[in-house]
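Protein chains: 6
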Amino acid sequence: MAEVKPVTAVFPGTFDPFTRGHFSLVMRGIKTFHKVIVAVAGSTSKNTKFSLEERVDMAKRIFEHHPQVEVDSFDGLLVHYVEQSPANVIMRGLRAVSDFEYEFQMALMNRRLDNDIQTVFLMTDYKWMYLSSSIIKDVAVNGGDIKGLVPRQIYDEVIERLVPGK
Amino acid sequence: MAEVKPVTAVFPGTFDPFTRGHFSLVMRGIKTFHKVIVAVAGSTSKNTKFSLEERVDMAKRIFEHHPQVEVDSFDGLLVHYVEQSPANVIMRGLRAVSDFEYEFQMALMNRRLDNDIQTVFLMTDYKWMYLSSSIIKDVAVNGGDIKGLVPRQIYDEVIERLVPGK
Amino acid sequence: MAEVKPVTAVFPGTFDPFTRGHFSLVMRGIKTFHKVIVAVAGSTSKNTKFSLEERVDMAKRIFEHHPQVEVDSFDGLLVHYVEQSPANVIMRGLRAVSDFEYEFQMALMNRRLDNDIQTVFLMTDYKWMYLSSSIIKDVAVNGGDIKGLVPRQIYDEVIERLVPGK
Amino acid sequence: MAEVKPVTAVFPGTFDPFTRGHFSLVMRGIKTFHKVIVAVAGSTSKNTKFSLEERVDMAKRIFEHHPQVEVDSFDGLLVHYVEQSPANVIMRGLRAVSDFEYEFQMALMNRRLDNDIQTVFLMTDYKWMYLSSSIIKDVAVNGGDIKGLVPRQIYDEVIERLVPGK
Amino acid sequence: MAEVKPVTAVFPGTFDPFTRGHFSLVMRGIKTFHKVIVAVAGSTSKNTKFSLEERVDMAKRIFEHHPQVEVDSFDGLLVHYVEQSPANVIMRGLRAVSDFEYEFQMALMNRRLDNDIQTVFLMTDYKWMYLSSSIIKDVAVNGGDIKGLVPRQIYDEVIERLVPGK
Amino acid sequence: MAEVKPVTAVFPGTFDPFTRGHFSLVMRGIKTFHKVIVAVAGSTSKNTKFSLEERVDMAKRIFEHHPQVEVDSFDGLLVHYVEQSPANVIMRGLRAVSDFEYEFQMALMNRRLDNDIQTVFLMTDYKWMYLSSSIIKDVAVNGGDIKGLVPRQIYDEVIERLVPGK
Numbered sequence: 001m002a003e004v005k006p007v008t009a010v011f012p013g014t015f016d017p018f019t020r021g022h023f024s025l026v027m028r029g030i031k032t033f034h035k036v037i038v039a040v041a042g043s044t045s046k047n048t049k050f051s052l053e054e055r056v057d058m059a060k061r062i063f064e065h066h067p068q069v070e071v072d073s074f075d076g077l078l079v080h081y082v083e084q085s086p087a088n089v090i091m092r093g094l095r096a097v098s099d100f101e102y103e104f105q106m107a108l109m110n111r112r113l114d115n116d117i118q119t120v121f122l123m124t125d126y127k128w129m130y131l132s133s134s135i136i137k138d139v140a141v142n143g144g145d146i147k148g149l150v151p152r153q154i155y156d157e158v159i160e161r162l163v164p165g166k
Numbered sequence: 001m002a003e004v005k006p007v008t009a010v011f012p013g014t015f016d017p018f019t020r021g022h023f024s025l026v027m028r029g030i031k032t033f034h035k036v037i038v039a040v041a042g043s044t045s046k047n048t049k050f051s052l053e054e055r056v057d058m059a060k061r062i063f064e065h066h067p068q069v070e071v072d073s074f075d076g077l078l079v080h081y082v083e084q085s086p087a088n089v090i091m092r093g094l095r096a097v098s099d100f101e102y103e104f105q106m107a108l109m110n111r112r113l114d115n116d117i118q119t120v121f122l123m124t125d126y127k128w129m130y131l132s133s134s135i136i137k138d139v140a141v142n143g144g145d146i147k148g149l150v151p152r153q154i155y156d157e158v159i160e161r162l163v164p165g166k
Numbered sequence: 001m002a003e004v005k006p007v008t009a010v011f012p013g014t015f016d017p018f019t020r021g022h023f024s025l026v027m028r029g030i031k032t033f034h035k036v037i038v039a040v041a042g043s044t045s046k047n048t049k050f051s052l053e054e055r056v057d058m059a060k061r062i063f064e065h066h067p068q069v070e071v072d073s074f075d076g077l078l079v080h081y082v083e084q085s086p087a088n089v090i091m092r093g094l095r096a097v098s099d100f101e102y103e104f105q106m107a108l109m110n111r112r113l114d115n116d117i118q119t120v121f122l123m124t125d126y127k128w129m130y131l132s133s134s135i136i137k138d139v140a141v142n143g144g145d146i147k148g149l150v151p152r153q154i155y156d157e158v159i160e161r162l163v164p165g166k
Numbered sequence: 001m002a003e004v005k006p007v008t009a010v011f012p013g014t015f016d017p018f019t020r021g022h023f024s025l026v027m028r029g030i031k032t033f034h035k036v037i038v039a040v041a042g043s044t045s046k047n048t049k050f051s052l053e054e055r056v057d058m059a060k061r062i063f064e065h066h067p068q069v070e071v072d073s074f075d076g077l078l079v080h081y082v083e084q085s086p087a088n089v090i091m092r093g094l095r096a097v098s099d100f101e102y103e104f105q106m107a108l109m110n111r112r113l114d115n116d117i118q119t120v121f122l123m124t125d126y127k128w129m130y131l132s133s134s135i136i137k138d139v140a141v142n143g144g145d146i147k148g149l150v151p152r153q154i155y156d157e158v159i160e161r162l163v164p165g166k
Numbered sequence: 001m002a003e004v005k006p007v008t009a010v011f012p013g014t015f016d017p018f019t020r021g022h023f024s025l026v027m028r029g030i031k032t033f034h035k036v037i038v039a040v041a042g043s044t045s046k047n048t049k050f051s052l053e054e055r056v057d058m059a060k061r062i063f064e065h066h067p068q069v070e071v072d073s074f075d076g077l078l079v080h081y082v083e084q085s086p087a088n089v090i091m092r093g094l095r096a097v098s099d100f101e102y103e104f105q106m107a108l109m110n111r112r113l114d115n116d117i118q119t120v121f122l123m124t125d126y127k128w129m130y131l132s133s134s135i136i137k138d139v140a141v142n143g144g145d146i147k148g149l150v151p152r153q154i155y156d157e158v159i160e161r162l163v164p165g166k
Numbered sequence: 001m002a003e004v005k006p007v008t009a010v011f012p013g014t015f016d017p018f019t020r021g022h023f024s025l026v027m028r029g030i031k032t033f034h035k036v037i038v039a040v041a042g043s044t045s046k047n048t049k050f051s052l053e054e055r056v057d058m059a060k061r062i063f064e065h066h067p068q069v070e071v072d073s074f075d076g077l078l079v080h081y082v083e084q085s086p087a088n089v090i091m092r093g094l095r096a097v098s099d100f101e102y103e104f105q106m107a108l109m110n111r112r113l114d115n116d117i118q119t120v121f122l123m124t125d126y127k128w129m130y131l132s133s134s135i136i137k138d139v140a141v142n143g144g145d146i147k148g149l150v151p152r153q154i155y156d157e158v159i160e161r162l163v164p165g166k
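Chains as they are written, first to last, in the UniProt record's numbering: chain A, 1 to 166; chain B, 1 to 166; chain C, 1 to 166; chain D, 1 to 166; chain E, 1 to 166; chain F, 1 to 166.
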């Protein structure tokens, strides 16, 4: 039987910080593909609370015991990064209609830039459908309890950064 | 190196008739997964123009020269069919917001019925974003030209059924 | 100066019955174009409360004193009707997102059938944003007051048909 | 202190059958209002699996131990029913965008019929965001497991009706 | 008869400035609940044209003759403010789909922070469906007429601030 | 025959830079109206990559050989500009749902400011449905190929500004 080439998907994002919604998507990703590369975006128009190194380091600790998950970082165009990686699939999460439209636009532009890279959408668990990095930062900065909304491995450092001295 | 298990996705639908939009999704599917099973739904609340046998036969002729594509049919719950197939992924196409909501509801129900089956969405080519089996039937029945909207292998029989004697 | 060709737009619909929302769109249409042809659809999958003749007759009485408005009927494909009319514009009303998606699909298919016919969308007055022929029939049949929701010229006959003997 | 008039809300629906999503909305309703009247719609264009009497009886058993909840039935226009009830609020559930548009249209028409009746929307628990009576019937009829999707008091009779002899 | 506890709803917002849309929502709120607390948000990421004191003062003057309406201000998390107020209901206005998604996300996060606080949505009058504080500021700053878009009690000071010397 | 007054539409935008999507809309505009005025917005909250003069100059070169197209610029309110122009129609492009809502709000506000100015929406070609000035700038700045996404007359200067020295 011809040797089966593993399917690798890139899961790109700013991950500022990494949330339980992101984590649930990666878990569904490794049930769908052989390998998922969590690709942390370096250049982003958003001013982030955590540096690129910190965001990469947090992701590595979260997936320490998941051999199907790799963590990397990239700058510039996502499509250029995927082209020089072993992947030919971009994996994105869908939560609601407004996600859909933005993702649709990005996926069609990426397809124009490289028609051989497929964008595939997975749905977050409904438990995390309202969750985003920005709403977590908003709640934490205003004294709200974000326990359980970020993976436990990074909870303390996220609180320390967002609510110094808490 | 541990033997890599091929990734198989089920692409379910009524396919009454099969459109160029469906075809473009399957082509993107086999660039993403090792194998795609086109699963033609037997039991459907819609009264179809083509019988189940005809719809299965048309799909088989369309993908005759595509070894990565299998054609099958199923009755009852999609999730039950996938459970006894080699696949653990359901592949669906997304065209617009209204698709999104219906698909979201179905995917969450399927996930409740079997949390190990992942629903994955791909986007049709923008050329076919307006295309659906029902709009093709509507146009053909009213004397419109549907050339190029269904795969050429089945154009004559689709016209013959929708516009007898044309 | 070269002679200016008047711009004519076709405003197609089932108009079962004609509503104040339809009327407000036609009024905005004749402020935009030189002439508007209200084209009443003969063949429709919906079973209508009023026959084609009745719907055409009602529209004619409503626009009796509006020289910029013509009333006609058509069967089969809208695009075929427009092609043999003096118009090259199809005028449609937009009320909400779900309208938008259906209209988007129809407009792209019509554009595929004849790229020289432009579909143009106008917005109903916000007063009529919730109004549709079907919600009017629903309310009237259940004894609700639809005064002011259909043009006064046709109020009596609409009530007589929907709530016989009222 | 002037005597406080209790706030009563009418929660209308076909409830064919009553789902856990409906139940979670009523529970949130009685935390918001003093009393909730579950008003089962008699006249409906949908052909129901359960008669009006059966649907009323099921709702009564579900809320047997909830003094803040009353069960009633109505025919004709919802607004006319609310006008002769102690309520001046209509309570509706929102799950997703497509709900939103339909509800928006109904609420604006109801407001036109009686500006003193307020329509108020509550959000279902995210656990039930994909749930509807029709998707439950669809799954059950096709042999799927709907345990936990309808209140336990009515599970047996719902299964018996949808999958006779199971 | 057991003493009826009045239902109080908190209507939070930046109100920069207060609009006729906001006013119409509060009017519908006091037809639904016994008391509405207009809670002006202190901490906001948006840089406001009016200080917190000015926004609170304007709201107080607008509702001077409405005993069912109280005006207050809050900082930090809305849920924390509601918890120490007599209210257990958050009242929000819905205008269109994009509102819906943002509100949905906020309401689900608030529910996670305190499951006993219910978020309830009312619909603005269709007259104000296009109105927002930002579009009013945009129009006024560019010399447009905003008469009738803000309550008359605050029109002069809003114009004076947005178009000094007009 | 009474002399026919030509129909002129204003097509307003920031055009930073002008895209093939904008171009395709203007081409459909001159098939619908006698004349289209491309009105480049001076005052805009967005910080643009090209000055107003550069944006006007680029548009003029693009439509050099199109006598039905005029290029102008305006400051302040669009409605005020249209009122002193020969046009009584504002022409806007619709790509997706999120466009729709923003456009809906703007059109209703413009209608409030001047009920005699009609806003009319045309749909971009599906080829450009994902295209916007901002996504083009984003891709170009990150080294992506934007050939064919802006009219060829302005490609070199757009690249020179976005990727100096390329």
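Each residue gets a CB set at the ideal place from its N, CA and C atoms; glycine is no exception.
Beta carbon proximity, residue i to chain C, threshold 8 Å
i, result
"Lys31/F", "yes"
Of the residues the options, the one placed nearest residue i, counting alpha carbons only
i, options, result
"Gly115/E", "Ala9/D, Val10/D, Arg28/D and Pro6/D", "A quick correction: the sequence has Asn, not Gly, at residue 115/E. Checked all of Ala9/D, Val10/D, Arg28/D and Pro6/D; the closest Cα to Asn115/E is Arg28/D."
"Pro12/B", "Glu3/B, Ser43/B and Thr32/B", "Ser43/B"
"Gly76/B", "Glu83/D, Val40/D and Val139/D", "Val139/D"
"Asn142/E", "Thr32/F, Arg112/F, Leu78/F and Met129/F", "Leu78/F"
is_contact[residue i, chain E] using C-beta, thresh 8 Å
i, result
"Ile135/A", "yes"
"Val139/A", "yes"
"Met123/F", "no"
"Asn110/A", "no"
Limits of the unbroken alpha helix (DSSP H) element including residue i
i, result
"Thr32/E", "Arg20 to Thr32"
"Lys137/C", "Ser133 to Val141"
"Gln84/F", "Element bounds for Gln84/F: n/a, residue is neither H nor E."
"Val120/D", "Premise fails: Val120/D lies in the beta strand (DSSP E), Gln118 to Met123, not in any alpha helix (DSSP H)."
"Ala41/C", "Element bounds for Ala41/C: not the alpha helix (DSSP H) but the beta strand (DSSP E), Lys35 to Ala41."
"Leu52/E", "Leu52 to Ile62"
"Val4/B", "It is not in any alpha helix (DSSP H) - Val4/B carries neither H nor E in the DSSP assignment."
"Ile159/C", "Tyr155 to Leu162"
Cβ of residue i within 8 Å of any chain F Cβ
i, result
"Tyr126/B", "yes"
"Glu103/A", "no"
"Met129/B", "yes"
Chain B contact for residue i (CB, 8 Å cutoff)
i, result
"Met91/F", "no"
"Gln118/A", "yes"
Beta carbon proximity, residue i to chain A, threshold 8 Å
i, result
"Asn88/F", "no"
"Pro6/B", "yes"
Residue i: first and last residue of the uninterrupted beta strand (DSSP E) it sits in
i, result
"Met91/F", "Val89 to Leu94"
Touching or not, the stretch 145 to 158 of chain B and the stretch 48 to 64 of chain B, by the rule of three or more beta carbon pairs under 8 Å? yes
Below 8 Å, can you find three or more Cβ-Cβ pairs linking the stretch 130 to 144 of chain E to the stretch 104 to 122 of chain E? no
Taking three-plus beta-carbon pairs below 8 Å as touching, is the stretch 13 to 33 of chain F in contact with the stretch 118 to 133 of chain F? yes
Three CB pairs or more closer than 8 Å across the stretch 51 to 64 of chain B and the stretch 85 to 104 of chain B: no
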